[in-house]
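These notes are about the structure you will find just below.
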Amino acid sequence: MYLSSYKHSILLALFLVFSLSSCDVEDVFKVFKWSVDSFIGEGFLPSEEIIALGAFQRTEVNVQQKTENGESAGTIELKLYNGNSEALRLNEEGTARKCAELYAEGFSKIEDYQKIMIYFIQTDPNNPDNIAITEYAFEVKDFL
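Sequence positions in the sequence shown follow this note's numbering and run 27 to 170.
Below is the structure:
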């Protein structure tokens, strides 16, 4: 009960801060992006160029670091949702490679990872259970 009340208070405080401030949503996003970049590494979030390349509606990034037999095995998963560009329709694999290349160029800590996984995810707005996923894997060393 206490935790629920605590969460409610935090949410209320955040709501009041954002609703009473004159902050533009874009300014709030810039502060968020700056804090993510300074904590995780510059370029962690996909660039506008990647989003425009496939005309993606949404993006997600997941990173995994694990050690197997004394060797580091780091993977970046870039999930790109509902792309609708001509480049994507005509050459999906080439677009995936270009997305991986652009991400590798922009992410300051790319050397810490060995693999980039690109997922193109298409969702059906009429049936949320209907999802198509295409996956491409690339070695980071190919982009360094």
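We treat Cβ as the ideally placed atom computed from N, Cα and C, and that holds for glycine.
Locate the alpha helix (DSSP H) running through residue i, then write down its first and last residues.
i: Ile-76; result: 74-80
Using a 10 Å radius around the Cβ and a threshold of 16 neighbouring Cβ atoms, would you call residue i buried or exposed?
i: Ala-158; result: exposed
i: Ala-126; result: buried
i: Pro-151; result: exposed
i: Leu-104; result: buried
i: Gly-109; result: buried
i: Ala-99; result: exposed
i: Thr-121; result: buried
Alpha carbon to alpha carbon, how far is residue i from residue j?
i: Glu-119; j: Ile-144; result: 10 Å
i: Thr-85; j: Tyr-139; result: 19 Å
i: Glu-112; j: Leu-106; result: 15 Å
i: Phe-146; j: Leu-79; result: 12 Å
i: Phe-133; j: Leu-114; result: 22 Å
i: Pro-72; j: Phe-82; result: 11 Å
i: Ile-136; j: Val-166; result: 7 Å
i: Glu-74; j: Leu-116; result: 21 Å
i: Tyr-162; j: Gln-148; result: 15 Å
i: Leu-29; j: Leu-170; result: The predicted model places Leu-29 with a pLDDT of 42, which falls under 50 and marks its position as unreliable, so this point remains unresolved.
i: Val-87; j: Glu-97; result: 23 Å
i: Asn-153; j: Ile-77; result: 24 Å
i: Lys-92; j: Asn-156; result: 32 Å
i: Tyr-32; j: Thr-101; result: Per-residue confidence for Tyr-32 stands at a pLDDT of 48, beneath the threshold of 50, marking its modelled position as unreliable; the derived number appears in the next sentence. About 36 Å.
Checking the sheet assignment: what are the DSSP bridge partners for residue i?
i: Leu-88; result: Leu is not the amino acid found at residue 88; the sequence shown has Asn there. Asn-88 pairs with Glu-103.
i: Glu-94; result: Glu-97
i: Ala-113; result: DSSP output for Ala-113 lists no bridge partner at all.
i: Glu-165; result: Lys-141
For the ligand HEM, I want to know if residue i counts as a neighbour, meaning its beta carbon is within less than 8 Å of at least one of the ligand's heavy atoms.
i: Leu-128; result: Although the ligand HEM was asked about, the structure shown includes no ligands whatsoever.
With a threshold of 9 Å between beta-carbons, can residue i be considered close to chain B, or not?
i: Ser-134; result: Among the chains of the structure shown, chain B does not appear; only one protein chain is present.
Which parts of the region 118-161 are runs of the beta strand (DSSP E), unbroken and 3 residues or longer, counting only runs that do not cross its ends? 141-150
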